[in-house]
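Visitor: Take a look at this one; I'll ask things after.
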Amino acid sequence: MNHEKKHRFQTRVIHAGQSPGKWHGATLPPIFQTASHLHPTAENLSQTFAGKKTDHIYMRLTNPTNRALEEKLTDLEGGQGAVVMSSGMAAITNACMALLRAGDEFVSGNSLFMSTYLLFFNVFKKYDITPRLVESTDIEAIEKAINSKTRFVYLETIGNPKMDIPDLTRVAEIAHNNGLPLLVDNTLATPYLCRPLELGADVVIHSTTKYLSGHGVAVGGVVIDGGQFSWPKERFPDFEPFIDRKGPLAFLDKVWREHHINFGTSQAPMHSYLTAIGLDTLALRMEKHMENTLTVAQYLQKKPEVCWVNYPGLPDHPSHGIARKLFEDKGFGGMLTFGLKDQAACFRFIDNLQLVYHLANLGDCKTLAIHPYSSQYISFDDPTRENLSITPDMIRLSVGIEAHEDICEDIGQALES
Ligand code: PLP
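Each residue of the sequence shown is one higher than the last, beginning at 46 in the working numbering.
This is the structure in structure tokens:
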């Protein structure tokens with residue numbers, strides 16, 4: 046089968062990166078469960094180590110099952126290359142570390158997943174790296190925070206759990222006008238809803254643990270390089286050897302060669318296999334996730350126990366307009382937050398759920414609820430929680446693909462009981 050870009054997303058999500066001919070006719074990448082690979086000659090291994098051949102050497106470096114997933118994800122995001130990693134956090138860590146040196150700064154939206162925030166402030170700070178956090182949707186603030194030490198701009202397409210959506214096109218313009226790349230965590234949107242590289246971003250990161258795998262069974266991450274950024278010498282002098290070696294894929298080479306293989310953040314091939322199975326149904330799942338989430342948001346708005354509902358699909362949401370533009374009216378994602386009277390009411394709600402699972406994940410085909418303030422963000426002080434919009438009255442709901450009537454009925458009985 047010809048996998049040229051002419052196929053639509055719904056087709057590519059199933060067929061891209063497939064090589065049944067190489068896999069003895071198998072239509073999903075087999076699990077290559079081998080720590081290292083045999084080489085026919087000393088010259089072949091030497092050439093592979095030198096990066097002149099793309100054969101496999103050792104699982105910490107590359108693996109054929111992982112490579113098939115990398116090819117599929119590169120295609121779906123419209124990039125030029127990808128490296129899958131052991132988790133979304135591994136992908137974020139390696140992508141940022143490839144750019145940062147002691148004394149550097151970067152500008153990030155303040156709408157950040159918990160561990161990303163902790164990485165930026167608890168880990169990077171130890172190495173004299175300064176994150177400048179600004180309101181994700183405040184374009185002027187992003188521009189103002191850039192200075193001669195800034196190495197990149199970082200955003201989440203849909204902030205977790207703030208649910209705000211920055212104008213990626215405008216931020217990419219500002220970053221580029223200042224000679225900087227834009228890195229985007231596209232986990233919540235998925236390439237079904239948004240392809241940041243097509244909007245001007247330079248690097249896309251995912252936690253594949255979420256919607257891409259879709260069944261809550263495989264932790265994983267990926268860094269996808271758009272291959273368009275030129276890494277000007279004045280600001281990125283350390284890129285020279287990588288540009289010489291890999292040209293447009295200099296960044297990915299730096300991520301892989303300098304960090305991924307030395308930090309040992311390799312993806313288990315079993316996880317790539319499970320993610321590849323999940324991806325086959327991504328388009329269908331996203332449609333149903335988003336249809337259900339809008340229905341649940343509208344249902345919650347009518348419940349007297351619910352004080353507020355935060356979902357970009359609601360017309361009065363501050364990010365509704367930009368979501369329609371960036372996501373081309375395909376939808377608004379599968380997650381929402383809503384407010385009850387106080388923390389005690391949130392605990393009662395969670396404890397009374399019967400169908401909806403109470404667990405710390407999202408993007409699963411099952412509906413999941415959590416009280417972030419008392420769980421993932423328990424170690425944060427109140428001013429930080431406030432800055433990240435984590436309030437004691439907030440429930441986060443990742444809406445699954447069950448019958449929406451059953452999801453609403455369970456939420457309804459938990460609210461009333
Ligand atoms: N990015 C976002 C937006 C997330 O929600 C998460 C996890 O919830 C991550 C990154 C981290 O991913 P992982 O748990 O696969 O390391």
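Glycine residues also receive a C-beta, built at the ideal position from the N, C-alpha and C atoms.
Note that the structure is a prediction, hence the values are computed from the model and not measured.
For the candidate residues SER311, TYR237, PRO277, whose alpha-carbon lies nearest to that of VAL264?
Guide: Closest by alpha carbon: SER311.
Visitor: Compute the beta-carbon to beta-carbon distance between VAL444 and GLY384, rounded to the nearest angstrom, for a pair I have assumed lies under 8 Å.
Guide: In fact, because the Cβ distance is near 17 Å, the residues do not count as touching under 8 Å.
Visitor: Closest Cβ-Cβ distance between LEU433 and chain D: below 8 Å?
Guide: The chain inventory of the structure shown lacks chain D, comprising one protein chain alone.
Visitor: Which value, in whole angstroms, describes the spacing of the CA atoms of PHE169 and GLU201?
Guide: Between PHE169 and GLU201, the C-alpha separation is close to 18 Å.
Visitor: Are the CB atoms of ALA328 and TYR237 within a distance shorter than 8 Å?
Guide: Taking 8 Å as the Cβ cut-off, TYR237 and ALA328 qualify as a contacting pair.
Visitor: Just checking ASP247 against the ligand PLP - is the residue's beta carbon closer than 7 Å to any of the ligand's heavy atoms?
Guide: False, no ligand heavy atom lies under 7 Å from that Cβ.
Visitor: Is LYS255 near the ligand PLP, judged by its Cβ being under 7 Å from some heavy atom?
Guide: Flag set: Cβ of LYS255 near the ligand PLP.
Visitor: Considering only their Cβ atoms, is the gap separating SER156 from GLY204 smaller than 8 Å?
Guide: Against a cut-off of 8 Å, the Cβ pair of SER156 and GLY204 comes out as a contact.
Visitor: Is the beta carbon of LEU114 closer than 8 Å to that of SER153?
Guide: No, the pair does not count as a contact, with Cβ atoms beyond the cut-off.
Visitor: Per DSSP, which one or two residues make a beta bridge with VAL264?
Guide: BP columns for VAL264 are empty, so no partner.
Visitor: CA-CA distance, GLY96 and ALA459?
Guide: Looking at the two C-alpha atoms, the distance is approximately 57 Å.
Visitor: How would you write the range of the beta strand (DSSP E) that ASN337 sits in, first residue to last?
Guide: First-last for ASN337: 327-346, but that is the alpha helix (DSSP H), not the beta strand (DSSP E).
Visitor: Assuming PRO211 and ALA220 make a contact with CB atoms under 8 Å, what is their CB distance in whole Å?
Guide: At roughly 12 Å, the Cβ-Cβ gap does not stay under 8 Å, so PRO211 and ALA220 are not in contact.
Visitor: Which one of PRO74, HIS365, PRO363, LYS375 has the shortest CA to CA distance from MET335?
Guide: The option with the nearest alpha carbon to MET335 is LYS375.
Visitor: Can you find a heavy atom of the ligand PLP that lies under 7 Å from the Cβ of PHE158?
Guide: At least one heavy atom of the ligand PLP is nearer than 7 Å to the Cβ of PHE158, so yes.
Visitor: When you compare only the Cα positions, how much space is there between SER252 and SER91?
Guide: About 33 Å.
Visitor: With distances taken Cα to Cα, identify the nearest neighbour of ASP298 among TRP276, SER317, THR412.
Guide: Nearest of TRP276, SER317, THR412 to ASP298, Cα basis: TRP276.
Visitor: Check whether the segment 60-80 and the segment 98-112 are in contact - that is, three or more C-beta pairs closer than 8 Å.
Guide: Enough Cβ pairs lie closer than 8 Å, so yes.
Visitor: Whole-angstrom Cβ separation of GLY271 and VAL248, contact assumed at under 8 Å?
Guide: That pair is a contact at about 7 Å.
Visitor: Does DSSP put SER311 in a helix, in a strand, or in coil?
Guide: DSSP places SER311 in strand when its eight states are reduced to three.
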